[in-house]
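Take any residue in the sequence shown, count from 1 to its spot, add 5: that is its number in my numbering. Built from N, CA and C at the ideal position, the CB exists for glycine as well. These notes are about the structure you will find just below.
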Amino acid sequence: MHPIFIWSLLFALLMLLPCSLLASMQFSSLAQQHPDAPLISYDIKQDQKGYIWFASELDGLQRFDGYELSHRKILTDKELQSAMANVNQLLVDSQQRLWVSTWGQGVTLLDQQLTISMRYHTKANPAQQLPSDRAQSFFEDQQQRIWIGTVEGLRYVHAADPSSLHQVQLLPDLRVWQVMQSDDGTLWLATSRGLYSLSEDLTELQHKPLPALSEEDVSLNPAEIRTLVLVDQGIWLGTQLGLFFFSFELGQVTSRYPAEFGVINTLFQPEPGQLWVGSGAGLFKINTGLAQPQTPEHFLQTADIRKFFKDQTGVIWVASRNRGVFKVNPLPQNFKAVPLPLKPGMAEKTLRRIYSQTIIDDRIWLGVDHDLVSYDLKQQHWQTHRLPTRRPHNQIQAVTRDHQGQYWVGTDLGLFVSVAPEQEFSQQALPDAIRQLAGITSVAADADGSLWLGIWEKGLVKWPQQNPQGQLEHYSITSQPGDAVISIISDTSDSIWMVSRFSGLYSLERSTGMITRYHSGANSLIQLPSDVLLCLEKLNEYQLWVCTNQGLFFMDLKQNQSELYQVAQGLPDNRVVAINAQEPGSVWVSTKRGLAELNLTSKTFRRFAEKANINALLLETRALNRTASGQFWLGTAAGLYQFTPSLMQDYKFNAPMVISKLKADQQQWLDPQSSEQGPIELPAHTKEISIHFSFLEYFFTDGHQYEYRFSGSDPEWNYLGHQHQVSFNRLPPGRYSFEVRNSLEHSEQSTARLHFVIPAPLWQDKRLWLFVCLVGLLSVWLMWQVRTRNLHQQNSRLNELVSQRTKDLEQANLALNQQARTDFLTKLPNRLAFSEQFELLQRQAIRQKSPFTLVLLDIDHFKAINDTYGHDAGDVVLAKVAQSLTQRLRQRDVLARWGGEEFILLLPETSAEGALIVCEELRQSLTQMNILYDEQQISVTATLGLAQLDDLQLELIRWQSAADLALYQGKRTGRNKVVLYQADTAPG
Numbered sequence: 006m007h008p009i010f011i012w013s014l015l016f017a018l019l020m021l022l023p024c025s026l027l028a029s030m031q032f033s034s035l036a037q038q039h040p041d042a043p044l045i046s047y048d049i050k051q052d053q054k055g056y057i058w059f060a061s062e063l064d065g066l067q068r069f070d071g072y073e074l075s076h077r078k079i080l081t082d083k084e085l086q087s088a089m090a091n092v093n094q095l096l097v098d099s100q101q102r103l104w105v106s107t108w109g110q111g112v113t114l115l116d117q118q119l120t121i122s123m124r125y126h127t128k129a130n131p132a133q134q135l136p137s138d139r140a141q142s143f144f145e146d147q148q149q150r151i152w153i154g155t156v157e158g159l160r161y162v163h164a165a166d167p168s169s170l171h172q173v174q175l176l177p178d179l180r181v182w183q184v185m186q187s188d189d190g191t192l193w194l195a196t197s198r199g200l201y202s203l204s205e206d207l208t209e210l211q212h213k214p215l216p217a218l219s220e221e222d223v224s225l226n227p228a229e230i231r232t233l234v235l236v237d238q239g240i241w242l243g244t245q246l247g248l249f250f251f252s253f254e255l256g257q258v259t260s261r262y263p264a265e266f267g268v269i270n271t272l273f274q275p276e277p278g279q280l281w282v283g284s285g286a287g288l289f290k291i292n293t294g295l296a297q298p299q300t301p302e303h304f305l306q307t308a309d310i311r312k313f314f315k316d317q318t319g320v321i322w323v324a325s326r327n328r329g330v331f332k333v334n335p336l337p338q339n340f341k342a343v344p345l346p347l348k349p350g351m352a353e354k355t356l357r358r359i360y361s362q363t364i365i366d367d368r369i370w371l372g373v374d375h376d377l378v379s380y381d382l383k384q385q386h387w388q389t390h391r392l393p394t395r396r397p398h399n400q401i402q403a404v405t406r407d408h409q410g411q412y413w414v415g416t417d418l419g420l421f422v423s424v425a426p427e428q429e430f431s432q433q434a435l436p437d438a439i440r441q442l443a444g445i446t447s448v449a450a451d452a453d454g455s456l457w458l459g460i461w462e463k464g465l466v467k468w469p470q471q472n473p474q475g476q477l478e479h480y481s482i483t484s485q486p487g488d489a490v491i492s493i494i495s496d497t498s499d500s501i502w503m504v505s506r507f508s509g510l511y512s513l514e515r516s517t518g519m520i521t522r523y524h525s526g527a528n529s530l531i532q533l534p535s536d537v538l539l540c541l542e543k544l545n546e547y548q549l550w551v552c553t554n555q556g557l558f559f560m561d562l563k564q565n566q567s568e569l570y571q572v573a574q575g576l577p578d579n580r581v582v583a584i585n586a587q588e589p590g591s592v593w594v595s596t597k598r599g600l601a602e603l604n605l606t607s608k609t610f611r612r613f614a615e616k617a618n619i620n621a622l623l624l625e626t627r628a629l630n631r632t633a634s635g636q637f638w639l640g641t642a643a644g645l646y647q648f649t650p651s652l653m654q655d656y657k658f659n660a661p662m663v664i665s666k667l668k669a670d671q672q673q674w675l676d677p678q679s680s681e682q683g684p685i686e687l688p689a690h691t692k693e694i695s696i697h698f699s700f701l702e703y704f705f706t707d708g709h710q711y712e713y714r715f716s717g718s719d720p721e722w723n724y725l726g727h728q729h730q731v732s733f734n735r736l737p738p739g740r741y742s743f744e745v746r747n748s749l750e751h752s753e754q755s756t757a758r759l760h761f762v763i764p765a766p767l768w769q770d771k772r773l774w775l776f777v778c779l780v781g782l783l784s785v786w787l788m789w790q791v792r793t794r795n796l797h798q799q800n801s802r803l804n805e806l807v808s809q810r811t812k813d814l815e816q817a818n819l820a821l822n823q824q825a826r827t828d829f830l831t832k833l834p835n836r837l838a839f840s841e842q843f844e845l846l847q848r849q850a851i852r853q854k855s856p857f858t859l860v861l862l863d864i865d866h867f868k869a870i871n872d873t874y875g876h877d878a879g880d881v882v883l884a885k886v887a888q889s890l891t892q893r894l895r896q897r898d899v900l901a902r903w904g905g906e907e908f909i910l911l912l913p914e915t916s917a918e919g920a921l922i923v924c925e926e927l928r929q930s931l932t933q934m935n936i937l938y939d940e941q942q943i944s945v946t947a948t949l950g951l952a953q954l955d956d957l958q959l960e961l962i963r964w965q966s967a968a969d970l971a972l973y974q975g976k977r978t979g980r981n982k983v984v985l986y987q988a989d990t991a992p993g
């Protein structure tokens with residue numbers, strides 16, 4: 006039997022087996038991420054700025070910045086009337102110009118400003134005339150000659166003078182698929198008649214034919230070579246018949262790879278010893294460094310692969326004719342994702358809030374939304390645990406196991422127990438006093454069987470040794486509104502540690518019952534950076550790590566020392582939400598800007614936010630655990646992520662930051678170029694400016710985070726998160742500088758700048774006013790000379806003019822002051838103005854001992870209005886709601902826009918009963934509104950939360966927090982209602 010047939014049969018059988026490498030190569034479809042991405046693509050290139058360019062049959066030439074695709078015109082307006090730009094090949098030459106070949110319209114040269122510089126086709130002038138309008142290959146050689154291969158011949162131009170095409174006289178007019186050049190200067194041509202070598206000086210041409218083929222192969226084109234790639238010892242040749250190797254040493258084709266690839270379109274060597282083969286049957290990966298050929302690994306089996314390209318950051322792009330564009334992750338896979346279980350009816354990739362995450366033995370316990378679930382680490386499957394109650398749980402806050410092996414779950418509806426994970430949780434065996442508990446925020450078990458419970462706004466409760474009578478011991482801590490013990494650490498030591506929401510850190514000594522509070526005040530034994538805490542990690546009896554909203558805090562009680570790590574020390578963000586210090590020599594930290602590792606020896610941080618492709622906004626509080634085997638589990642609203650620090654590899658992106666687009670009202674600039682000396686001039690009456698930017702690393706685009714600073718505002722960097730554009734409205738005339746950078750990689754390369762100027766309108770031109778003033782003074786002087794007898798009258802007029810100017814300036818200052826305290830959309834007071842009015846009316850209420858009520862109003866389903874009718878419709882709704890509310894309030898009532906779709910209202914000298922009546926009237930008036938936008942009726946409802954606290958001297962944030970809790974209660978129970986804050990029934 007023919008040996009090639011044997012190899013082909015073996016390969017076909019092995020293709021039925023699963024590919025073991027598929028899990029090690031991450032393919033990402035661009036079409037699934039961007040609906041306007043090309044579906045038929047032939048080539049991909051990257052320019053010197055870092056943008057990716059796609060050659061597409063249906064979409065023409067497209068530029069990609071990681072977020073948006075933009076089209077570029079490559080045909081003249083006259084040509085576009087009768088032809089479509091079917092783009093198939095690209096080249097970025099040494100002078101940073103872009104060459105674009107088409108199938109039927111010749112070749113276009115775009116200059117550095119991406120404008121059409123030259124057109125080459127069959128109907129052009131003789132100097133730019135191609136033998137065919139079907140061009141299909143480009144190459145720039147060492148002599149800076151640009152080679153253009155067409156279906157009917159090969160031409161070249163000199164890069165320094167692209168105005169004239171030249172022909173190689175020795176080479177017949179044939180189809181040229183590809184041109185490459187070896188180190189000795191020899192040019193290698195893949196053509197319809199086989200392989201040719203052309204000397205560097207173009208004076209010697211040699212034909213290198215393929216060896217004689219079997220009869221079954223002759224039915225195809227036996228001579229045609231469609232692609233080639235140069236390696237150290239020779240050239241790999243891709244044909245319709247398979248893969249061949251040409252040896253430099255022997256000067257001939259020496260072997261044929263014993264595998265069936267289909268019609269080979271492109272070859273690619275990602276690294277020495279590896280060869281990727283792209284064909285109509287998909288992507289094949291082979292190891293060329295082995296003595297005996299092995300069966301290729303097969304990927305993307307249904308894709309017709311046309312081109313491979315590796316960009317500056319190592320991402321490998323794959324262009325296909327029928328499946329669009331794919332990206333291959335070049336970086337090591339440090340994180341493994343485990344999606345959260347979904348309830349029936351939930352859409353795929355639905356986000357689920359994690360309220361608690363605990364590892365007990367080989368099982369991870371999660372309180373998500375209304376459910377208690379667990380993940381078996383050995384069996385790798387999820388289990389849902391039912392908690393029998395009349396209504397669903399809002400927050401499952403804690404899971405623990407006691408000394409008898411019983412599992413305890415604390416929720417907002419009470420305490421539940423189960424003897425084993427496989428058994429149901431219940432309250433039947435619990436004493437009545439325990440069953441009546443609600444609002445449980447934390448649970449911990451002692452070795453003697455006692456349970457410690459944190460209760461919302463009621464402090465700490467101990468159930469001693471689980472006595473059958475349910476007798477409890479109460480500790481009055483964290484009893485102020487909104488505060489609670491959110492985490493308890495109980496071990497074999499004498500001290501129990503408790504983390505509170507607002508009042509700091511507590512330590513309770515079992516032996517004496519003494520409670521010590523650590524806080525941000527000067528009289529604390531160790532002064533905390535903030536009283537707002539989220540979690541605690543205990544190393545030993547004396548050393549602790551604390552999550553705060555001001556950074557990562559370390560306490561050493563024995564040495565009476567502390568240390569604070571913030572952004573200045575390398576922490577991604579000061580808002581720390583989870584800590585794990587169980588890995589020797591390091592501390593893992595989860596922040597609002599992603600995950601980081603603190604090396605305790607060097608005191609430096611490693612950041613993993615972008616490389617993990619984890620949305621930092623989805624990271625959950627106290628959701629970072631370590632198993633006994635050294636595996637870490639990170640909890641997010643999108644799922645769990647598992648990683649092992651000892652196996653993780655560090656890497657850094659080598660990508661630039663760019664300003665990809667500038668929009669000023671209806672005018673826009675793609676890739677705007679500016680400098681401090683040469684800013685971009687915008688129209689004088691520009692209302693809205695939008696700046697788009699991108700960090701040009703393309704595989705982990707969703708993980709990139711940004712920060713910016715803007716001249717004329719705060720000189721500090723402003724964090725944007727994953728937002729890749731920023732807008733400014735109604736900027737006054739002047740010169741502006743905008744800077745943006747990758748918030749996790751600070752370097753000159755990862756920073757982009759934009760300079761622009763807004764000219765002043767003619768009536769604001771100082772030179773014009775100077776001229777007018779000079780003319781006025783001259784007129785006054787002439788009139789004084791001519792009419793001296795009217796001197797006193799003229800002086801009086803001048804004094805009146807000065808007085809009027811002074812009054813105008815005072816009015817202008819008042820207007821500016823009013824504008825700074827007014828929301829431009831609703832014309833209501835803004836947050837600043839409301840805060841000032843609150844303090845004024847609060848002092849008045851304290852003096853007069855009169856009640857007042859604070860109200861938070863939130864428009865229901867406002868996001869749906871924006872999504873359905875557009876953001877302009879949302880703006881109309883906000884303005885109409887503000888107008889309706891204003892008309893129904895007293896003059897002394899203070900209404901302001903608090904932010905987004907939320908309004909805040911202060912009702913002085915109004916009791917809770919009166920406020921409920923007023924708010925109910927406001928709610929009903931909103932339901933009766935008919936808002937007409939774009940010939941569509943928009944209905945509006947709102948939920949109102951009221952707060953009237955006994956202590957009138959509390960700060961605004963406490964009043965707002967209480968009203969927000971009432972508002973949340975209204976939202977949770979159906980919206981479109983008025984809810985009064987009740988301190989004893991506030992949810993956990």
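Check: Can you tell me whether DSSP reads glutamine 149 as helix, strand or coil?
Finding: Within the sequence shown, residue 149 is the residue found at index 144, counting from 1. In this structure, glutamine 149 counts as coil in the three-state DSSP scheme.
Checklist line | Nearest-angstrom Cβ-Cβ length linking isoleucine 482 and isoleucine 493, presumed shorter than 8 Å | finding: Against the sequence shown, residue 482 aligns to sequence position 477. Against the sequence shown, residue 493 aligns to sequence position 488. So it is not a contact: roughly 12 Å between Cβ atoms.
Margin query: Three Cβ pairs or more, each shorter than 8 Å: is that satisfied between the stretch 923-941 and the stretch 812-831?
Written below: no
Notebook entry, point to check: Any contact of the stretch 581-601 with the stretch 534-552, i.e. 3+ C-beta pairs under 8 Å?
Noted result: Verdict: yes, contact present.
Margin query: If we require 3 or more residues per run, which beta strand (DSSP E) segments fall completely within the stretch 716-801?
Written below: Secondary structure within the stretch 716-801: the beta strand (DSSP E) runs of 3 or more consecutive residues, fully enclosed, are 723-726, 730-734, 739-747 and 756-763 (chain order).
Check: Between Lys78, Thr127, Glu84 and Thr232, which lies nearest to leucine 103 when the distance is taken from Cα to Cα?
Finding: Position 98 of the sequence shown, counted from the first residue, corresponds to residue 103. Comparing Cα-Cα distances from leucine 103 to each of Lys78, Thr127, Glu84 and Thr232, the minimum goes to Lys78.
Next item on the list: Compute the Euclidean distance between the alpha carbons of tryptophan 387 and phenylalanine 705, then round it to the nearest angstrom.
Entry: The residue labelled residue 387 in the question sits at position 382 within the sequence shown. The residue labelled residue 705 in the question sits at position 700 within the sequence shown. Rounded to whole angstroms, tryptophan 387 to phenylalanine 705 spans 28 Å at the Cα level.
Notebook entry, point to check: With a CB to CB cut of under 6 Å and the five nearest residues on each side skipped, what residues in its chain are close to glutamate 542?
Noted result: Position 537 of the sequence shown, counting from 1, holds the residue named residue 542. Trp550, Ile584 and Ala586, listed in sequence order.
Check: Where leucine 27 and valine 762 are concerned, what is the direct C-alpha to C-alpha distance, given to the nearest angstrom?
Finding: For the purposes of this step, residue 27 is taken as the residue at position 22 of the sequence shown. For the purposes of this step, residue 762 is taken as the residue at position 757 of the sequence shown. Bear in mind that the predicted position of leucine 27 carries a pLDDT of just 36, short of 50, making it unreliable; the figure below should be weighed with that in mind. Answer to the nearest angstrom: the Cα atoms are 52 Å apart.
Next item on the list: Return the chain-ordered list of same chain residues with a C-beta closer than 8 Å to the C-beta of threonine 208, the five sequence neighbours on each side being excluded.
Entry: Taking the sequence shown and counting its residues from 1, the one referred to as residue 208 is at position 203. Excluding positions up to five away in sequence, the list reads Leu175.
Notebook entry, point to check: If you follow the beta strand (DSSP E) that phenylalanine 839 is part of, which residue opens it and which one closes it?
Noted result: For the purposes of this step, residue 839 is identified with residue 834 of the sequence shown, where counting begins at 1. Where phenylalanine 839 is concerned, there is no enclosing beta strand (DSSP E), although the alpha helix (DSSP H) it sits in stretches over 836-853.
Notebook entry, point to check: Would you call the stretch 400-419 and the stretch 430-450 in contact, with 3 or more CB pairs under 8 Å?
Noted result: Using a Cβ-Cβ distance cut-off of 8 Å, the stretch 400-419 and the stretch 430-450 are in contact, since at least three pairs of beta carbons, one from each stretch, lie closer than that value.
Next item on the list: Please state if the CB of leucine 859 and the CB of leucine 911 are separated by a distance shorter than 7 Å.
Entry: Reading the sequence shown from its first residue, position 906 is the one you call residue 911. Reading the sequence shown from its first residue, position 854 is the one you call residue 859. Yes, they are a contact pair.
Check: Apart from the five residues just before and just after leucine 985, which ones in its own chain have a Cβ nearer than 7 Å to its Cβ?
Finding: Taking the first residue of the sequence shown as 1, we reach residue 985 at position 980. Answer for leucine 985: Ala917, Leu921, Leu951 and Ala971, listed in chain order.
Note to self: Suppose the cutoff is 8 Å on Cβ atoms and the five residues either side in sequence are ignored; what does the same chain contact list for aspartate 488 look like?
What the structure shows: The residue given as residue 488 occupies position 483 in the sequence shown. Contacts found: Glu462, Ser505, Arg506, Phe507 and Ser508.
Check: Considering leucine 248, what are the terminal residues of the beta strand (DSSP E) in which it resides?
Finding: Numbered from 1 along the sequence shown, position 243 holds the residue referred to as residue 248. Run containing leucine 248: 248-252, per the beta strand (DSSP E) assignment.
Next item on the list: Output the residue ranges of the alpha helix (DSSP H) runs that lie fully inside the stretch 355-404 and measure 4 residues or longer, sorted by chain position.
Entry: none
Checklist line | Three-way DSSP call (helix, strand, coil) for glycine 904 in this model | finding: Here residue 904 refers to the residue found at position 899 when the sequence shown is read from its first residue. Three-state result, glycine 904: strand.
Next item on the list: May I ask you to report which of helix, strand or coil DSSP gives glutamate 805?
Entry: One-based indexing of the sequence shown puts residue 805 at position 800. DSSP, reduced to helix, strand and coil, places glutamate 805 within a helical segment of the structure shown.
Check: Roughly how many angstroms separate the alpha carbons of lysine 563 and glutamate 546, rounded to a whole number?
Finding: Residue mapping note: residue 563 aligns to position 558 of the sequence shown, counting from 1. Residue mapping note: residue 546 aligns to position 541 of the sequence shown, counting from 1. Their Cα atoms are separated by approximately 9 Å.
Checklist line | Complete beta strand (DSSP E) runs within the stretch 410-465 (minimum length 3 residues, chain order) | finding: 412-416, 419-423, 445-450 and 456-460
Notebook entry, point to check: When the Cβ atoms of the stretch 629-642 are set against those of the stretch 734-748, are three or more pairs found closer than 8 Å?
Noted result: Judged by pairs of C-beta atoms under 8 Å, the stretch 629-642 does not touch the stretch 734-748, as fewer than three such pairs exist.
Margin query: Quick test of the definition: if touching needs 3 or more C-beta pairs under 8 Å, does the stretch 241-253 touch the stretch 271-291?
Written below: Three or more pairs of CB atoms, one per stretch, sit closer than 8 Å, so the stretch 241-253 contacts the stretch 271-291.
Next item on the list: Excluding the 5 residues preceding and the 5 following serine 169 in the sequence, name in chain order all residues of the same chain whose CB lies nearer than 7 Å to its CB.
Entry: Mapped onto the sequence shown, residue 169 falls at position 164. Listed in chain order, the non-local C-beta contacts of serine 169 below 7 Å within the same chain comprise Ala132 and Val162, local neighbours out to five positions each way being set aside.
Next item on the list: Consult DSSP for aspartate 64 and reduce its assignment to one of helix, strand or coil.
Entry: What you label residue 64 is simply residue 59 of the sequence shown in a count that begins at 1. Coil.
Check: Taking the C-alpha atoms as reference points, what is the distance between asparagine 604 and serine 651?
Finding: Within the sequence shown, residue 604 is the residue found at index 599, counting from 1. Within the sequence shown, residue 651 is the residue found at index 646, counting from 1. So the alpha carbons of these two residues sit roughly 13 Å apart.
Margin query: Quick check on arginine 963: does DSSP put it in helix, strand or coil?
Written below: For the purposes of this step, residue 963 is taken as residue 958 along the sequence shown, with counting starting at 1. Helix at arginine 963.
Note to self: How far does the beta strand (DSSP E) with valine 234 in it extend, from its first residue to its last?
What the structure shows: Mapped onto the sequence shown, residue 234 falls at position 229. Unbroken beta strand (DSSP E) run through valine 234: 230-235.
Next item on the list: Could you have a look at aspartate 561 and say whether DSSP puts it in helix, strand or coil?
Entry: Here residue 561 refers to the residue found at position 556 when the sequence shown is read from its first residue. Aspartate 561 falls in the strand class under three-state DSSP.
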